[in-house]
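The structure appears below as structure tokens.
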Amino acid sequence: MRKDIILYILLLATVTGCIKEDLDDCETTLYFSYLGDGIKEIFPQKIDKVDMYVYNQDNVCIQKAVLNKNELNRQRGTTLNLPSGQYHIVCWGNSLNDTRINDGSTLQNSIVGAPHYFTKELISTNDSLYFGERKITIANEGYKTDTVFFGSAHIKMQIELEGLEVSNTRETTLPIRMEMGNLSSTVDFTKTFSNEHISYFPLINFDSNTQKFGAKFNVLRFNNDNEVFLRLKDNQTDKELYTMQLKDFMKDNNITVDGINEATVGIRIRFNGTSITVKPWDEEVIRPGL
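In structure tokens:
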């Protein structure tokens, strides 16, 4: 009977507290959440990979983890085993082929950007990046749960080009070259976007179904009040065909990205012989999470 009582007390202590010497590691389950612009959980539909960084109260990175799609399908989160203390969790969602993470000694000099930015090559896109962070306190009080909430760190761009000669698709060189300039080059681990401005040169493709040229790509976030421009040039003559200030286009067409996670800017540019008309392009109006 006495042995049963002692065993019960030990089991109770194991469940309700961290009983290792010196208040050693306590288990914390960390869940991941992304609601988009609505109230429904859409993390599984939007985020396929998470790079997680754990910082202590001195802002020193003490732990890193990469969670792939299979791991996220099994558990929409992860388990931490850390000593009592205060921690800052930083997570990046969808750091795939078009993202490079340079983690430095501080949050501010740890930066994320397109791989070609770091190698000084032409950038065409970056991944559909998401950012999450959470400050947690782990105490000697047993099992704990917490949640990291994600937000978007990218904007989707969709450009459609009408009126170009379809016969040009047989040529080695596409008829149009596209540049999107004055974009932020990187974003740091505090989700502060760089003031260094760079250009993206998106890949233009031909859609045989619509018989139109176009480009779909991601850029790091910008605000409604921005300095971003879109420029089209003739690929053979290098002649500038059209340049627009994105801020003016967005204002004229009531397009906003501020406060919207799943932000998309769609632009349809039509070549009418000697003139060009520009209007919004809504390929598919979807608000994930609604």
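Numbering (our numbering), first residue to last: 565 to 854. Yeah, the Cβ is synthetic: ideal placement off N, Cα and C, and Gly gets one too.
Answer with buried or exposed for residue i, where buried requires no fewer than 16 other C-beta atoms within 10 angstroms of its C-beta.
i: Thr736; result: Unreliable placement is indicated for Thr736, whose pLDDT of 46 sits below 50; no coordinate value is reported for it.
i: Val630; result: exposed
i: Asp622; result: exposed
i: Tyr694; result: buried
i: Met766; result: The amino acid at residue 766 is misidentified as Met; the sequence shows Pro. Label assigned to Pro766: buried.
i: Pro739; result: buried
i: Met565; result: A caution first: Met565 carries a pLDDT of 45, below 50, which makes its placement in the model too unreliable to give a value.
Relative to the C-alpha of residue i, which residue among the options is closest?
i: Glu729; options: Asn836, Pro608 and Val842; result: Asn836
i: Glu826; options: Met721, Asp771, Gly706 and Thr663; result: Met721
i: Glu697; options: Thr756, Asp601, Thr689 and Asp691; result: Thr756
i: Glu726; options: Glu743, Ser772 and Glu685; result: Ser772
i: Ser669; options: Val618, Thr643, Lys633 and Asn632; result: Val618
i: Ile653; options: Thr643, Asn759 and Phe607; result: Thr643
i: Pro608; options: Ile824, Asn634 and His761; result: Asn634
i: Arg795; options: Thr801, Gln809 and Gly600; result: Gln809
i: Gln800; options: Gln639, Ile762 and Met742; result: Met742
i: Tyr507; options: Val624, Lys684 and Asp615; result: Residue 507 lies beyond the residue range present for the chain, which begins at 565 and ends at 854; the question has no answer from this structure.
Find out if the Cβ-Cβ distance for the pair residue i, residue j is shorter than 8 Å.
i: Phe714; j: Gly677; result: no
i: Ile611; j: Tyr595; result: no
i: Val821; j: Ile719; result: yes
i: Gly830; j: Asp812; result: no
i: Thr593; j: Ile702; result: no
i: Phe753; j: Ser674; result: yes
i: Phe793; j: Gly745; result: yes
i: Pro647; j: Asp662; result: no
Could you name the residues of the same chain whose beta carbon sits closer than 8 Å to that of residue i, not counting the 5 residues immediately before and after it, in chain order?
i: Ile840; result: Leu805, Tyr806, Ile833 and Arg834
i: Asn817; result: Lys843 and Pro844
i: Asn632; result: Asp612 and Lys613
i: Thr838; result: none
i: Asn787; result: Val821 and Asp822
i: Lys628; result: Asp615, Met616, Tyr617, Val618 and Asp667
Output needed for residue i: all residues of its chain with C-beta closer than 7 Å, excluding positions within five of it in sequence on either side, in chain order.
i: Asn620; result: Ile626, Gly649 and Tyr651
i: Leu784; result: Asn690, Ala717, His718, Leu747, Ser748, Val751 and Phe757
With respect to 7 Å, is the separation between the Cβ of residue i and the closest non-hydrogen atom of the ligand SAH below this value?
i: Ser688; result: As for the ligand SAH, it is missing from this structure, which has no ligand bound.
So, for residue i: in the same chain, excluding its five sequence neighbours on each side, which residues have a beta-carbon less than 6 Å away from its beta-carbon?
i: Phe777; result: Leu725, Leu728, Ile768 and Phe770
Problem set entry | Completely contained alpha helix (DSSP H) runs for the region 747 to 824, where each covers 4 or more residues | 810 to 816
Problem set entry | Continuous beta strand (DSSP E) assignments of at least 3 residues falling wholly in the region 651 to 708 | 664 to 666, 675 to 677 and 694 to 702
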